[in-house]
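Here the sequence shown stands for residues 276 to 558, where the numbers follow our numbering.
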Amino acid sequence: MESLSAAQTRAQAAGYIAQSLTAGRFQLMIYQPAQPAPATRLTLYIEGDGAAWPGPYHPPADPTPRHPVALSLALADPDADTNADATVIYLGRPCQYLGEPALANCDARYWTGWRFAPEVIAAYDQALDTLKQRYAARHLRLVGYSGGGVIAALLAARRSDIESLLTVAAPLALEDWRIRHQISALTGSLDPLSQPPPAATLQGLHLSGERDNVVPPDIIATYARYSGGTMLTVPGYNHECCWGRDWQRLLACLPPQEHKEPRDEQNLQNPVLLDHCLRAVRQ
276 MESLSAAQTR
286 AQAAGYIAQS
296 LTAGRFQLMI
306 YQPAQPAPAT
316 RLTLYIEGDG
326 AAWPGPYHPP
336 ADPTPRHPVA
346 LSLALADPDA
356 DTNADATVIY
366 LGRPCQYLGE
376 PALANCDARY
386 WTGWRFAPEV
396 IAAYDQALDT
406 LKQRYAARHL
416 RLVGYSGGGV
426 IAALLAARRS
436 DIESLLTVAA
446 PLALEDWRIR
456 HQISALTGSL
466 DPLSQPPPAA
476 TLQGLHLSGE
486 RDNVVPPDII
496 ATYARYSGGT
506 MLTVPGYNHE
516 CCWGRDWQRL
526 LACLPPQEHK
536 EPRDEQNLQN
546 PVLLDHCLRA
556 VRQ
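Written out as structure tokens, the structure reads:
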């Protein structure tokens, strides 16, 4: 996995700058091109929950990720380099990347039980509006890693301008996931399973790792069935390895994501070829 400092250095080398974006009551750290230009499409990567918990009932003092997987994914997205009409932007989570005293003033419940609270989703809703206006974009693609995938799914269910939804190792059946791990109740959070699913024409593609013990594939499959989306399991992967390292090759395996008629899994592409492609990535 790529460390925070390595990812930040690589982002700067790729022409990205860090910026604090006001969204509701939060300041979200984003990485965007140093010289923004109008783009028809924005691909927005949303970070996971951040630093690991020392114990089931003991959250970290600082939720900033030690290994920002979503940032690594964003930097590996081919649209960041090759598509002049598309822009890739990374969004952190509430209370991440804050120094003192700002972190001390950020309520710890927003990286614990309220991490998916209505006001958090509303803040991302505002952030997407701001970025869409800034870039004069018409279409938005959402990619969420782990808890960032939960936010992406909740956003996709409430917005009409989302072209595609791609989640990676995301606990989309939130209460089932909580019970499985016997962790504290996410009292103030929205569960995607308790919300209306995204529109039937929205491409919902949900990636799981075959060896992921943090978010087992069956948790993701529950949401995929509920929402009419599709789950793909990548052989040999766990929760963290090796999404960032192989992201470009994984994206090349996936079917195009765009608005279509409601998805039939057989329309993805030849399932045998897809399985072969995913297995080849790991080799």
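Beta carbons are placed, not taken as given, at the ideal position from N, Cα and C, and that holds for glycine.
DSSP-derived helix/strand/coil call for residue i
i           : result
residue 405 : helix
residue 535 : Residue confidence is low: residue 535 scores 45 on pLDDT, short of 50, so the model does not pin down where it sits. No coordinate-derived value is stated.
residue 565 : Absent from the structure is residue 565, since the part of the chain shown begins at 276 and ends at 558.
residue 443 : strand
residue 285 : helix
residue 431 : helix
residue 398 : helix
residue 423 : helix
residue 559 : Because the chain in this structure spans residues 276 to 558, residue 559 falls outside the shown range and cannot be described.
residue 483 : strand
residue 298 : strand
residue 279 : helix
Straight-line Cα distance separating residue j from residue i
i           : j           : result
residue 407 : residue 474 : 20 Å
residue 395 : residue 302 : 11 Å
residue 383 : residue 411 : 35 Å
residue 549 : residue 422 : 26 Å
residue 538 : residue 441 : In this predicted model, residue 538 has a pLDDT of only 43, less than 50, meaning its place in the structure is not dependable; the value taken from the coordinates is given anyway. Rounded to whole angstroms, residue 538 to residue 441 spans 14 Å at the Cα level.
residue 360 : residue 313 : 8 Å
residue 354 : residue 362 : 7 Å
residue 417 : residue 424 : 9 Å
residue 534 : residue 429 : In this prediction, residue 534 has a pLDDT of 44, which is less than 50 and means its spatial position is unreliable; what the coordinates show is noted afterwards. When rounded, the distance between both Cα atoms is 18 Å.
residue 523 : residue 285 : 16 Å
residue 339 : residue 374 : 10 Å
residue 478 : residue 504 : 7 Å
Start-to-end residues for the alpha helix (DSSP H) that takes in residue i
i           : result
residue 497 : 492-502
residue 414 : Careful: residue 414 lies outside any alpha helix (DSSP H), inside the beta strand (DSSP E) at 414-420.
residue 449 : 449-456
residue 525 : 518-528
Opposing strand residues paired with residue i [DSSP bridges]
i           : result
residue 308 : 291
Neighbour flag for residue i against chain B, beta carbons, 7 Å
i           : result
residue 434 : You won't find chain B in this structure, because it holds only one protein chain.
Residue range of the unbroken beta strand (DSSP E) whose run includes residue i
i           : result
residue 489 : From DSSP, residue 489 is part of no beta strand (DSSP E); its letter is neither H nor E.
residue 506 : 505-509
residue 318 : 316-321
Any alpha helix (DSSP H) of 4 or more consecutive residues that is wholly inside the stretch 347-379:
354-357
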